[in-house]
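Visitor:
In my numbering, the protein residues as written are 33 to 301.
1) So, does the stretch 161–180 touch the stretch 224–234, judging by three or more C-beta pairs under 8 Å?
2) Compute the minimum distance between the beta carbon of residue 284 and the heavy atoms of the ligand FAD, and state whether it is under 7 Å.
3) Check whether the Cβ atoms of residue 90 and residue 136 sit closer than 8 Å, and answer yes or no.
4) Give the straight-line distance between the Cα atoms of residue 147 and residue 216, rounded to the nearest whole angstrom.
5) Tell me, which residues are paired with residue 139 by DSSP?
6) Please specify which runs of the alpha helix (DSSP H), each continuous and at least 4 residues long, are wholly inside the stretch 85–140, giving them in chain order.
7) Excluding the 5 residues preceding and the 5 following residue 277 in the sequence, name in chain order all residues of the same chain whose CB lies nearer than 6 Å to its CB.
8) Using the beta-carbon count (16 or more within 10 Å), is residue 70 buried or exposed?
9) Exposed or buried, residue 295, counting other C-beta atoms within 10 Å across all chains shown (16 or more means buried)?
10) Would you list the one or two residues that DSSP bridges to residue 216?
11) What number of angstroms, rounded off, separates the C-alpha of residue 194 from the C-alpha of residue 156?
12) Looking only at its chain, what residues have a beta carbon closer than 8 Å to the beta carbon of residue 229, apart from the 5 residues adjacent to it on each side?
13) Below 6 Å CB to CB, which residues in the same chain sit around residue 304 once its five sequence neighbours on both sides are set aside?
14) Tell me, please, whether the CB atom of residue 124 is closer than 8 Å to any CB atom in chain B?
15) List the DSSP bridge partners of residue 42.
16) For a test of the three-state rule: what should DSSP assign to residue 233, helix, strand or coil?
17) Ignore the nearest five residues each way along the sequence and tell me which others in residue 46's own chain have a CB closer than 8 Å to its CB.
18) Checking 8 Å against the spacing of the C-beta atoms, do residue 192 and residue 253 come in under that value?
19) Let me check one thing: in DSSP terms, what residues is residue 67 bridge-paired to?
20) Which residue comes first and which comes last in the alpha helix (DSSP H) that contains residue 193?
21) Under a Cβ-count criterion, where at least 16 other Cβ atoms within 10 Å of its own Cβ denotes burial, should residue 40 be classed as buried or exposed?
22) How would you label residue 223, buried or exposed, when you count the other beta carbons within 10 angstroms and need 16 or more for buried?
23) Do residue 34 and residue 59 have their C-beta atoms within less than 8 Å of each other?
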């Protein structure tokens with residue numbers, strides 16, 4: 033990088049697509065040969081999966097010490113469930129990350145909070161997201177830094193009904209969040225979600241899965257992610273009525289001191 037003309041000494045995103053899976057693999061080769069699990073990290077992190085963040089912590093420190101490197105940021109791709117599975121170094125990794133490698137904003141992708149939906153998505157779930165958020169706030173404060181989490185959420189995913197989007201919408205409102213980075217599900221070739229989208233069944237269980245492919249339902253789900261925007265307000269209210277949900281909770285008053293989740297105008301789609 034030092035040889036690249038115009039390089040300023042800032043590494044914008046260190047770690048690749050999944051920032052904290054470097055150097056991690058199965059720790060039992062014989063077990064690996066006969067293992068029938070489809071995933072090392074879902075529904076829980078396998079006890080045979082090497083989650084030691086120690087080498088990664090050392091790598092981050094070495095990156096900071098390289099001549100010419102002013103800052104080395106990790107911008108996205110944190111698997112916080114894997115960090116939590118490392119009882120020895122996981123907490124230290126999160127502290128190291130927050131104190132030295134966040135450039136003001138850290139993107140994370142909980143994608144949803146409804147238990148049924150995150151199960152279909154094979155995501156860690158709300159509890160682990162909340163735990164990571166609390167640690168991010170704690171270590172940002174300890175480091176004396178004003179930093180923001182930028183959570184990413186999605187609507188219209190297979191397995192997601194309007195009532196699930198109401199649950200997510202209420203969770204966002206209760207926490208005073210007005211996300212700008214949101215997305216409606218788009219089928220992508222060679223993915224499990226796309227298989228469910230076109231077949232209407234979960235390929236692992238053979239059970240039917242709700243697929244929100246009706247344009248009206250897709251629009252209502254999308255509106256529930258941003259009901260504060262004028263163009264979505266009426267449609268979000270209609271969605272709540274059809275789901276039999278009560279009026280949305282009021283947003284809490286602005287907190288004193290630096291916010292830890294990006295303000296609504298920080299990012300645009």
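Ideal placement from N, C-alpha and C gives every residue a C-beta, glycine not left out.
It should be emphasised that the depicted structure is a prediction, and the values quoted were computed from it without experimental measurement.
Guide: Considering the structure as presented:
1) no
2) Of the ligands one can find in the structure shown there are none, so the ligand FAD has no counterpart to examine.
3) Your numbering for residue 90 matches position 58 in the chain shown. Your numbering for residue 136 matches position 104 in the chain shown. Result no, Cβ atoms of residue 90 and residue 136 do not sit closer than 8 Å.
4) Along the chain shown, read from residue 1 onward, the residue named residue 147 stands at position 115. Along the chain shown, read from residue 1 onward, the residue named residue 216 stands at position 184. Roughly 19 Å separates the two Cα atoms.
5) For the purposes of this step, residue 139 is taken as residue 107 along the chain shown, with counting starting at 1. Residue 139 is bridged by DSSP to 182.
6) 86–97, 112–117, 122–132
7) Position 245 of the chain shown, counted from the start, is the residue given in the question as residue 277. Closer than 6 Å at the Cβ level, and outside the excluded window around residue 277, lie 198.
8) Sequence index remark: in the chain shown, residue 70 carries index 38 (1-based). Burial call: exposed.
9) On the chain shown, position 263 is the one that residue 295 refers to. Low per-residue confidence applies at residue 295: pLDDT is 47, beneath 50, and the placement is therefore not dependable, though the value from the model is reported in the following sentence. It counts as exposed.
10) For this step, residue 216 is matched to residue 184 along the chain shown. According to DSSP, residue 216 bridges with 187.
11) As a working mapping, residue 194 is identified with position 162 in the chain shown. As a working mapping, residue 156 is identified with position 124 in the chain shown. Using only the alpha carbons, I get a separation of about 21 Å.
12) Locating residue 229 in the chain shown gives position 197, counting from the first residue. A distance below 8 Å between beta-carbons, with the five flanking residues on each side excluded, links residue 229 to the following residues of its chain, in chain order: 190, 217, 219, 243, 245.
13) The chain is shown from 33 up to 301; residue 304 falls before or after that span and cannot be answered.
14) Absent here is chain B; the protein component of the structure consists of one chain.
15) As a position in the chain shown, residue 42 is number 10, starting the count at 1. According to DSSP, residue 42 bridges with 103.
16) Stepping through the chain shown from its first residue, residue 233 is reached at position 201. It is a strand residue.
17) Sequence index remark: in the chain shown, residue 46 carries index 14 (1-based). So the list reads 92, 95, 104, 105, 106, 133, once near-sequence residues are dropped.
18) On the chain shown, position 160 is the one that residue 192 refers to. On the chain shown, position 221 is the one that residue 253 refers to. Yes, the Cβ-Cβ distance between residue 192 and residue 253 is below 8 Å.
19) Here residue 67 refers to the residue found at position 35 of the chain shown. Paired residues: none, contrary to the question.
20) The sequence position of residue 193 within the chain shown is 161, counting from 1. Premise fails: residue 193 is in no alpha helix (DSSP H) and is neither H nor E.
21) Position 8 of the chain shown, counted from the start, is the residue given in the question as residue 40. With fewer than 16 other Cβ atoms within 10 Å, it is exposed.
22) Counting from 1 along the chain shown, the entry for residue 223 is found at position 191. Exposed: under 16 other Cβ atoms inside 10 Å.
23) If you number the chain shown from 1, residue 34 lands on position 2. If you number the chain shown from 1, residue 59 lands on position 27. Cβ atoms of residue 34 and residue 59: not closer than 8 Å.
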